[in-house]
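If you use UniProt numbering, the sequence shown corresponds to residues 1 to 242, in order.
Some notes on the structure that comes next.
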Amino acid sequence: MVKVVLCDSSTSYMEKVKKQIQKIIDNTGYNMKITLLTTKLKQVMDYLEVDEGISIYIIDVDYEDNHLIGIKLAKKIRQKDRNAYIVFNTMRTDSVYNVMTGLIRPSGFFKKPIKIDDLQILMGDIYRDYLNLQGESEDIFHVNIGSIIYHIEYKRILYFEAFQKKVYIHTLNQRIGYYDSLSELVKRLDDQFVRCHRSYLVNVDNIKRVSFNDMVLEMKNGGKIDISRTYKSMLKEKLNIE
């Protein structure tokens, strides 16, 4: 389960964000729970001492009109919990520099009031990342699309295709599209996947035949994928072809 902590100097604002987050959880079925709403920094620190597992911290940067307080809190969270997802909410865009130079590695930075569409994308990205981390040992790819969460074994994936700002997962009997990029996706996958073209990321275990004369890959389902010269050497190295 992913737990959500809200820390803000405004109780009324926190209540609004809480309702938005709860609506997202209810609509998507994410395994998430709001565990703490507080205006007191000490309560967050006390929570850190006893909490186990993964948490999202949504923090007011400009706490009591002093952006350094929110940043100091975030640094303490990061020191205690290296895997925490830290999200900053602020009225002042000039706080960005202090956050980005603070070695905090935030998962998001939003200007108040946060829009529910932005919050939904953020929660979806974090939850997908959480599921992928949980499934690393199982070789399972997790992706959420709206209220549906797909769990796809790596061995079933033939390739990923990028087209018009979406990534499409191709299996023997499915084609699933969602918003992502291959450049981000390749960072999250293991080494059985390799880029062969700017638009394709293929599962080397599901390659049936490769022709560097024709610059084409044939997958186990008979589908053919172009090889670009940019990724030719990378593909050869992955397939141990000289």
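Positions of the beta carbon are idealized from the N, C-alpha and C atoms, including for glycine.
Three-way DSSP call (helix, strand, coil) for residue i in this model
{"i": "R198", "result": "coil"}
{"i": "Y30", "result": "coil"}
{"i": "M91", "result": "coil"}
{"i": "L189", "result": "coil"}
{"i": "G53", "result": "coil"}
{"i": "R156", "result": "helix"}
{"i": "residue 265", "result": "The requested residue 265 does not occur in the structure, where the chain is confined to residues 1 to 242."}
{"i": "K220", "result": "coil"}
{"i": "S137", "result": "Confidence at S137 is low in this model, with a pLDDT of 49, below 50, so its placement is unreliable and the value that follows should be read with caution. Helix, per DSSP."}
Beta-carbon spacing of residue i, residue j below 9 Å
{"i": "M1", "j": "G53", "result": "yes"}
{"i": "Y154", "j": "I176", "result": "no"}
{"i": "M110", "j": "D117", "result": "Correcting the residue identity first, residue 110 is Phe in this sequence and not Met. Not closer than 9 Å, so no."}
{"i": "I169", "j": "I157", "result": "yes"}
{"i": "D180", "j": "Y200", "result": "no"}
{"i": "I114", "j": "V5", "result": "no"}
Closest residue to residue i among the options (Cα-Cα distance)
{"i": "T90", "options": "V210, Y200, C7", "result": "C7"}
{"i": "K75", "options": "L41, D51, Y30", "result": "L41"}
{"i": "Y127", "options": "E242, S9, T28", "result": "T28"}
Residue range of the unbroken beta strand (DSSP E) whose run includes residue i
{"i": "N144", "result": "140-145"}
{"i": "L6", "result": "2-7"}
{"i": "K111", "result": "108-111"}
In DSSP terms, what residue i is bridged to
{"i": "T171", "result": "I157"}
{"i": "L41", "result": "DSSP output for L41 lists no bridge partner at all."}
{"i": "G70", "result": "DSSP lists no partner for G70."}
{"i": "Y47", "result": "Bridge partners of Y47: none, in fact."}
Continuous alpha helix (DSSP H) stretch holding residue i: start and end
{"i": "K232", "result": "229-238"}
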